[in-house]
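*Asks:* This is the structure, below, for whatever I ask next.
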Amino acid sequence: MKVIKNINKILKYCIFIVIFFMLVGITYSYFVANITGVETDTTITLDSGKMEIEFDGGNGIEATGLYPSDEAFGTKDFTVTGTSTIEQSEMYYKISLIIDENGISKNAISFTMTSTNTSDNGYIVPAIPDDIYVGTNRIELGVGKFIGDVDGAIHSYQMKFYYYETGNDQSGDINQTFKAHILIENYADPCVSGNCLKDIILSEAGGPSVIEAKGNPSFAAISSSSDSGLYAMEDEYGTSYYFRGNNSLLKNNLIFGGFQWKIVRINGDGSIRILYNGTEEEFKQNGTMSGEDDDVYINLDKWNEYTDDIKYVGYMYGGPNGEASKSRIEAVTNDTSSNIKIVLDEWYEENILSKTFENKIADNLFCNDRLLSSEVGGYNISPGYGNFPGENYYAGFYRLYLNKAPTLKCGFINDQFTVTKKHIGNGALTYPVGLITADEVSIAGLLFDTSNRDNYLYFNYLYWTMTPFRENLYGVSSSSKISTYFINDEYVAIRPVINLKPDVVVTGSGTLTNPYVVD
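Encoded structure:
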């Protein structure tokens, strides 16, 4: 019997060793990907001179035997050389990373970039020290410039590409293909003309220093004619300038992409946040922007079908529908889209995707603030997951309902919804579309329990915001109060929000009858 037991032990050890080596073999075999690039040497010729682009290796990004590591799997060096005989010349160029094909998981590949002004001329595209994660979209890296009479001034760049170990199963990336190329093109700064939307808005209000010197109004009171205007507040990107006040007094009306929009604010990165306000055709018919009795929404629909777990306040959430969340982390993981996100994505696909004007859309974060009240100084009974009716309070409850202290910050990166994952933004979105937040509604001049029908956000129907309250979400009532609605309330309007790039050029004056029109 002893011999048999010893044989059994030996067999167990042998089996364990075989399995161990099988697992190790799998670990190092399934991360092989085909990575290619399509860059070519290029010369950009301008009236003021020329810029020559040279890519080291000429064939782009190449790697074999890709596997998870903290080390870069690929490096791309390139230079831009400026030559001009004109003393006052200015030659701009823009660098973009174009994703031609990506079968590897979204946010699996990332890159950084170093920048060197080798000849100390003009300015370079800023370095990117923090990883930017790659999806399927074009990523604009920035603008550089050469100045004056120069003979071969050089700007040097190095991009490093990474495929990190995530701690999760990455076998879905077996033998997938990633194709990308770096595009460097001439760039003419449209804002030199003075017709960029953000510059016009700031100039109309006296400029940044005048706006910032005003401070903020009281958010414990609704807006009025006396405090209508433009104010400043910090967001995740820098200083944001937001509109507050009466609809008839503000120049925040816009036509873009066949639709009417209300300008909510200039974001801290210079992009412009706009709220859906009807169709351009309706404006042409009426001769004025749509108002309180018009259909300034795309649909009436519920936030989500499911209600028996607090995870469903998420724009996205962890686990499939109908499956209870078992931890706080699982509840706020962005795996599954809510019903309202699906509606907004479908609207974007139909009305913006692949249109000629889509390149004017910016990827700025949408905040679905799921921090608990207890995490910002308030109280909370539930653990932040599962089904705890009446016991869950989110940060928005503490911040807005109790303290009337709105913020444009979004402290939890999982709640910073963007298309591209960066040091700001979770990279969970398919398209750059979302909703207004309750904080943006508050700074615009709305309040609990007090109607404000003069405010620019008013129309005669209730609509969603993106901010959780308890087991429900904030919204705006038909009398223009801040209110709350249950997740499965199906007769609540949806008003999309998008962001425009900082360099959009407009005509018009921003009034109700002569709105800004994006060129």
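In this text, residue positions in the sequence shown follow our numbering: the first is 23, and each later residue adds one.
Glycine included, C-beta positions come from ideal geometry on N, C-alpha and C.
Are Ala227 and Gly251 close, meaning C-beta to C-beta below 8 Å?
*Replies:* Yes, the pair counts as a contact, with Cβ atoms nearer than the cut-off.
*Asks:* Roughly how many whole angstroms lie between the Cα atoms of Glu93 and Tyr185?
*Replies:* Near 8 Å, if we compare the C-alpha coordinates of Tyr185 and Glu93.
*Asks:* Buried or exposed: where does Gly229 fall if 16 or more other Cβ atoms within 10 Å of its Cβ makes it buried?
*Replies:* So Gly229 ends up on the exposed side.
*Asks:* Is there contact here, the segment 105-123 with the segment 150-162, by at least three beta-carbon pairs under 8 Å?
*Replies:* Counting Cβ pairs under 8 Å, three or more are found: they touch.
*Asks:* Could you check if Ile364 is buried or exposed, using at least 16 other CB atoms within 10 Å of its CB as the buried criterion?
*Replies:* Per the 10 Å Cβ criterion, exposed.
*Asks:* Let me know the beta strand (DSSP E) ranges lying completely inside the segment 147-225, each 3 residues or longer, listed in chain order.
*Replies:* As far as the segment 147-225 is concerned, its whole beta strand (DSSP E) runs of at least 3 residues are 150-155, 161-169, 172-185, 199-208.
*Asks:* In this structure, how does DSSP classify Trp325 when only helix, strand and coil are distinguished?
*Replies:* Coil at Trp325, not helix or strand.
*Asks:* Leaving out five residues before and five after Thr459 in sequence, what residues of the same chain have Cβ atoms less than 6 Å from its Cβ?
*Replies:* Only Cys389, Thr487, Met488, Thr489 meet the Cβ criterion.
*Asks:* In terms of residue numbering, what span does the beta strand (DSSP E) encompassing Ala254 cover?
*Replies:* 251-256 is the span of the beta strand (DSSP E), which, as asked, contains Ala254.
*Asks:* With a CB to CB cut of under 6 Å and the five nearest residues on each side skipped, what residues in its chain are close to Ala175?
*Replies:* So the list reads Gly104, Ser141, Asn143, Phe168, once near-sequence residues are dropped.
*Asks:* How is the beta strand (DSSP E) around Arg392 delimited, first residue to last?
*Replies:* Per DSSP, Arg392 belongs to no beta strand (DSSP E) and is neither H nor E.
*Asks:* In the structure shown, what three-state DSSP assignment does Ser111 receive?
*Replies:* Note: Ser111 maps to coil in three-state DSSP.
*Asks:* If I follow the unbroken alpha helix (DSSP H) through Asn299, where does it start and stop?
*Replies:* Counting along the chain, Asn299 falls outside any alpha helix (DSSP H), though it belongs to the beta strand (DSSP E) covering 294-301.
*Asks:* Pull up the DSSP beta-bridge partners for Asn124, would you.
*Replies:* Bridge partners of Asn124: Phe200.
*Asks:* Just confirm the distance between the C-beta atoms of Gly309 and Thr535, as a whole number of angstroms; I'd bet it's less than 8 Å.
*Replies:* Confirmed, about 6 Å.
*Asks:* Starting from Met338, follow its DSSP beta bridges and name the residues at the other end.
*Replies:* DSSP output for Met338 lists Ser359 as bridge partner(s).
*Asks:* What are the boundary residues of the beta strand (DSSP E) that Val102 is part of?
*Replies:* Val102 -> beta strand (DSSP E) spans 96-106.
*Asks:* Excluding sequence positions up to five away, which residues of its chain have a Cβ less than 6 Å from the Cβ of Val540?
*Replies:* Excluding positions up to five away in sequence, the list reads Phe278, Val526, Val528.
*Asks:* Would you tell me roughly how many angstroms separate the C-alpha atoms of Tyr337 and Ser359, rounded to the nearest one?
*Replies:* Using only the alpha carbons, I get a separation of about 6 Å.
*Asks:* For the alpha helix (DSSP H) containing Val232, list its first residue and its last residue.
*Replies:* Looking at the DSSP string, the run of the alpha helix (DSSP H) that includes Val232 is 230-235.
*Asks:* Going by C-alpha to C-alpha distance, which of Thr97, Trp283, Gly344, Pro239 sits closest to Thr134?
*Replies:* Nearest option by C-alpha distance: Thr97.
*Asks:* Measuring alpha carbon to alpha carbon, tell me which of Gly237, Val286, Ser132, Cys213 ends up nearest Pro151.
*Replies:* Of the listed residues, the one whose Cα sits closest to Pro151 is Ser132.
*Asks:* Round the Cβ separation of Val318 and Gly300 to the nearest angstrom and send it over; I've been treating them as touching at under 8 Å.
*Replies:* Going by Cβ atoms, the distance from Val318 to Gly300 rounds to 5 Å, so yes, they are a contact pair.
*Asks:* Short check: CB of Ala543 to CB of Asp391, under 8 Å?
*Replies:* The chain is shown from 23 up to 541; residue 543 falls before or after that span and cannot be answered.
*Asks:* Just confirm the distance between the C-beta atoms of Gly344 and Thr355, as a whole number of angstroms; I'd bet it's less than 8 Å.
*Replies:* Wrong, their Cβ atoms sit about 16 Å apart, outside the cutoff.
*Asks:* Looking at the secondary structure, which residues open and close the beta strand (DSSP E) in which Val519 lies?
*Replies:* Start and end: 519-522.
*Asks:* Whole angstroms is fine: what's the gap from Glu14's alpha carbon to Gln180's?
*Replies:* A query on residue 14 cannot be resolved here, the shown segment of the chain reaching from 23 to 541 and no further.
*Asks:* Which value, in whole angstroms, describes the spacing of the CA atoms of Asn373 and Ser395?
*Replies:* Straight-line Cα distance between these residues: approximately 37 Å.
*Asks:* Identify, in the order they occur along the chain, each residue of the same chain with its Cβ nearer than 6 Å to the Cβ of Tyr453, setting aside the five sequence neighbours on each side.
*Replies:* Only Asp367, Tyr370 meet the Cβ criterion.
*Asks:* Using the beta-carbon count (16 or more within 10 Å), is Lys523 buried or exposed?
*Replies:* The residue in question, Lys523, is buried, as its Cβ has 16 or more Cβ neighbours within 10 Å.
*Asks:* I'd like the span of the alpha helix (DSSP H) that includes Ser248, first residue to last.
*Replies:* Careful: Ser248 lies outside any alpha helix (DSSP H) and carries neither H nor E.
*Asks:* Quick check on the burial criterion: 16 or more other C-beta atoms within 10 angstroms. Buried or exposed for Val147?
*Replies:* So Val147 ends up on the buried side.
*Asks:* Which partner residues does Gly456 have in the DSSP bridge list?
*Replies:* Val519.
*Asks:* So is Ile22 buried or exposed if we call it buried at 16+ other beta carbons inside 10 Å?
*Replies:* This structure does not reach residue 22, given that the chain is present from 23 up to 541, and the question cannot be answered.
*Asks:* Let me check you understand the geometry: is the CB of Gly399 closer than 7 Å to at least one non-hydrogen atom of the ligand MG?
*Replies:* The model depicted lacks the ligand MG and carries no ligand whatsoever.
*Asks:* Three or more C-beta pairs closer than 8 Å, one from the segment 501-517 and one from the segment 400-418: is that the case here?
*Replies:* Segments in contact, no.
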